[in-house]
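K.L.:
Quick note on numbering: the sequence shown equals residues 0 to 216 in numbering that gives the first Met the number 0. A virtual CB, placed ideally from N, CA and C, is assigned to each residue, including glycine. Being a predicted model, the structure only gives us computed values, none of them experimental. A single structure is presented below for examination.
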Amino acid sequence: MGEKIKKDDIIKALLDMAFAHSTSGTSLSDIAGALGIKKASLYNHFESREDLILRTTESCAEYLASISFIPADIDSVAKRYPPETVLKGIVSRYIKMHEKSPLFQIYTFVESQKYFSPEAAKIIKDEREKITAQTCKVFEALLEAGTVSVKKELIPDAAQWFCSGVCDIMSIHLLERKKIVMENPKSGEGELFTLSGDDSSLDRINSLAESFSQLLK
Numbered sequence: 000m001g002e003k004i005k006k007d008d009i010i011k012a013l014l015d016m017a018f019a020h021s022t023s024g025t026s027l028s029d030i031a032g033a034l035g036i037k038k039a040s041l042y043n044h045f046e047s048r049e050d051l052i053l054r055t056t057e058s059c060a061e062y063l064a065s066i067s068f069i070p071a072d073i074d075s076v077a078k079r080y081p082p083e084t085v086l087k088g089i090v091s092r093y094i095k096m097h098e099k100s101p102l103f104q105i106y107t108f109v110e111s112q113k114y115f116s117p118e119a120a121k122i123i124k125d126e127r128e129k130i131t132a133q134t135c136k137v138f139e140a141l142l143e144a145g146t147v148s149v150k151k152e153l154i155p156d157a158a159q160w161f162c163s164g165v166c167d168i169m170s171i172h173l174l175e176r177k178k179i180v181m182e183n184p185k186s187g188e189g190e191l192f193t194l195s196g197d198d199s200s201l202d203r204i205n206s207l208a209e210s211f212s213q214l215l216k
């Protein structure tokens, strides 16, 4: 890549290297080597390795904050489809988003840092609160559409339980996907995240959506 690099190039290199070797197993020399530059060049953008990790964490927070768990037209979607179809759709969409670059690397990085970095722990807390709040909007839209009859005051608790199930499924699914990726190294980034896998996670998603649809009726 040469000497003319940007901060974002370095952050991406760290995420890629951490995905393969863990954050603790990635040195500045590793990052510089991946970028084809001298290690000293990294200090033109970051004060230290710790500063790079902190700025990368902040970049991950910004990216995740821009991701929505639900589509913008959820009100019209709730009117067109039955509850189980709506819930299956939004969860499948969310998980598939996380299978692709850069979200796959971001998720892995933040999860690996959450026990060591208060900033990473806050990202996970904020993300869980966000998808719970957006799930409340889904349940409220279904209630407005007349396809569920859950009491409105119970929606926050129902959303929290549903999101806990979603996060558990996604965590297991992405762990399985990461194993597949690491066992099948590819030369192209596009190829890397399109490797085939089993449908067990989709089955768990469908089961969760169907169960919650029945509970909401």
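1) How should residue 11 be labelled, buried or exposed, when 16 other C-beta atoms within 10 angstroms of its C-beta is the threshold for buried?
2) At which residues does the alpha helix (DSSP H) containing residue 205 begin and terminate?
3) Would you kindly work out how many angstroms separate the C-alpha atoms of residue 115 and residue 16, rounded to a whole number?
4) If you draw a straight line from the alpha carbon of residue 133 to that of residue 124, how long is it in whole angstroms?
5) Use the C-beta contact count for residue 82: other C-beta atoms within 10 angstroms, 16 or more gives buried, fewer gives exposed.
6) Keeping to the same chain, check which residues put their C-beta closer than 7 angstroms to that of residue 190; ignore five residues upstream and five downstream.
7) Spatial neighbours of residue 14 within its chain, please: C-beta separation below 7 angstroms, excluding the five flanking residues on both sides.
8) Taking residue 86 as the reference, which of 39, 5, 139, 57 has the closest Cα?
9) Is it the case that the Cβ atoms of residue 78 and residue 144 are separated by a distance below 8 angstroms?
10) So does residue 112 have its beta carbon nearer than 7 angstroms to some heavy atom of the ligand NAD?
11) Shortest alpha-carbon distance to residue 21 belongs to which of 36, 52, 4?
12) Sorted by chain position, which residues of the same chain lie with C-beta nearer than 6 angstroms to residue 162's C-beta, five sequence neighbours on each side aside?
13) Suppose contacts are defined by Cβ-Cβ distances below 8 angstroms. Is residue 94 in contact with residue 200 by that definition?
14) Just to confirm before moving on: does the CB-CB distance between residue 89 and residue 137 stay below 8 angstroms?
15) Thinking residue 203 and residue 166 are a contact (beta carbons under 8 angstroms), I'd like their distance in whole angstroms, please.
16) Less than 8 angstroms between CB atoms is the rule here; does residue 106 satisfy it with respect to chain D?
17) Please report the straight-line C-alpha distance between residue 9 and residue 41, rounded to a whole angstrom.
P.N.:
Taking the structure as given:
1) Result: buried.
2) That run of the alpha helix (DSSP H) goes 199–215.
3) 18 angstroms
4) 14 angstroms
5) Counting C-beta atoms within 10 angstroms of its own C-beta, residue 82 has 16 or more neighbours from the protein chains shown and is therefore classed as buried.
6) Caution applies to residue 190, whose pLDDT of 43 falls short of 50 and renders its modelled position unreliable; the value that the coordinates give is listed next. Same-chain partners within the cutoff: there are none.
7) 55, 101, 104, 105, 108
8) 139
9) yes
10) This structure simply doesn't include the ligand NAD, nor any ligand for that matter.
11) 52
12) 130, 131, 134
13) yes
14) yes
15) Wrong, their Cβ atoms sit about 12 angstroms apart, outside the cutoff.
16) Absent here is chain D; the protein component of the structure consists of one chain.
17) The C-alpha of residue 9 lies about 8 angstroms from the C-alpha of residue 41.
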